Amino acid sequence: MRFKINHKKFILFLLCLQNAAISFNVSALTATIPSISNDLGILDLVASKIIPFYMIPYGLGALLYAPLAKRFSIKTIMVTSMVVFSLANFLCAKANAIEPILILRIITGIAGAGVVPLGLILIGKLYENHVRGRVVGLFFSFSFVAALSGIILSGFASWRWLFLVPSLIGLVAAGCLFIDRGDYLGRVQGNVDYSILFKERKILHIFIFILIISLLYHSVDRWLGVFLSRMYHFNQLTISLLFALIAVSGAVGQNVGGYLTDKKGRIKSCQAGIVMLAAATIALSAMLPAKAVAVIFVVFAAGWSIGHNGISTVLTDFPEQYRSELASLNSSLRFVAGGIGVFISGVFVEKSFGITFLVIGILMLVLALFLKKIIPEET
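In the working numbering, the protein residues as written are 7 to 385.
And the structure:
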């Protein structure tokens, strides 16, 4: 094996640190939309634009990183993108109007978009098939740990700190990468060919699934802060605590998903997660007593994480010549579809959260039932 164990640990640490930086404020900002709207004197639906204004550029930006990794070293790309990411977050913290924040969110999305695709490329390169599920679980669980930290902070501090902290984490990650002298962060060999999405039927099926489930999931997840504020009239601290519960459940779900993925199979793990997600979404539509919301959130977050681990590990199983394209397409479709889902669902949640969540939950359940037809077991 070419890579020493200390190199594996170090690169995984750097990947997790970057994942923490880009994940710190995403869920927390969703939870603090009511507070941001009050502070800036705008409607919550206007303040909610900070979510798709990050997600869609993130998704489109992810497509840039596979070709960039063929021309420049992964080290150069990661250092540059983290510095830009940190600067954009710092400027967001200083802004006093929604317009500059939205512009900076576009920049932040593009700059942060390389972390997951480059991370999956390196995990596929560094780790053997029989442990990748657990490594992927650890990698993504850091995003939930960071999100939890951001959510806890959002319950006690100004939302501006949600931009300052990831700015600092990003600079630390960039510094660690800059001083590294290893040769395992070089360029990715080969040519970029995104047309494999249409050439390989198995790959096409997987990405159709990713597109649909991401659209459905984010059509619920990104409205939960507004949902809790409007329908249950919870204050900011209560909302933040419930989002903290989501983060903890998600982190646990990633590692449980990693175990299930390695031991029970990619597809079974993914299917179990989507069924849990669907059941929780349908339960949210029922407007159950406030005490039940916490349990629903646990199932919702754990279900998404278990399913996410299964499908993400499937992508690392493909041959190395496909990995950079698949990793970039994965992030791209997830976030573009999610951002579009937020825009579309916004029209419906304004009229009825209950009906919107019920329809989405049923569609998730149908998708889970047909998962084996969408993604053949032999992938």
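Where is the CB? At the ideal position from N, CA and C, for every residue including glycine.
Please read all numbers here as calculations on a predicted model, not as lab measurements.
The alpha helix (DSSP H) runs of length 4 or more contained entirely in the stretch 220 to 286 are, from start to end of the chain, 230 to 237, 242 to 270. No residue range can be given for L294, since it is assigned to no alpha helix (DSSP H) and is classified by DSSP as neither H nor E. In this structure H314 is buried. Its beta-carbon is surrounded by 16 or more other beta-carbon atoms within 10 angstroms. If you look at D50, you'll find it in the alpha helix (DSSP H) that goes 50 to 53. Spatial neighbours of S255 in its own chain (CB-CB distance under 6 Å, excluding positions within 5 residues in sequence) are listed in chain order as V304, A307, A308. Of all alpha-carbon atoms in I42, G143, P73, L70, the one lying nearest the alpha-carbon of A257 is that of G143.
Around the C-beta of K81, 16 or more other C-beta atoms lie within 10 Å, and the residue is accordingly described as buried. A direct Cα-Cα distance of roughly 44 Å separates N241 from I209. Take L97, set aside five residues on each side of it, and the residues of its chain with a beta-carbon closer than 6 Å to its own are L110, in chain order.
Here N31 is buried, its C-beta having at least 16 other C-beta atoms within 10 Å. Contact annotation, G367 with T287: C-beta distance approximately 3 Å; criterion of less than 8 Å satisfied. Annotation for G264: G139, R140, G143, N315 place their beta carbon closer than 6 Å to its own, counting only its chain and skipping 5 residues before and after. If you draw a straight line from the Cα of I317 to the Cα of R272, it comes to about 7 Å.
In the same chain as S220, and ignoring 5 residues on each side of it, the C-beta atoms closer than 8 Å to its own belong to L339, R340, F341, A343, G344, G347, in chain order. Ranked by Cα distance from G259, the options L174, F146, I185, A117 are led by F146.
Taken in chain order, the whole alpha helix (DSSP H) runs of length 4 or more contained in the stretch 55 to 106 are 58 to 77, 80 to 100.
Note on the stretch 135 to 172: whole alpha helix (DSSP H) runs with a minimum of 4 residues are 135 to 160, in chain order.
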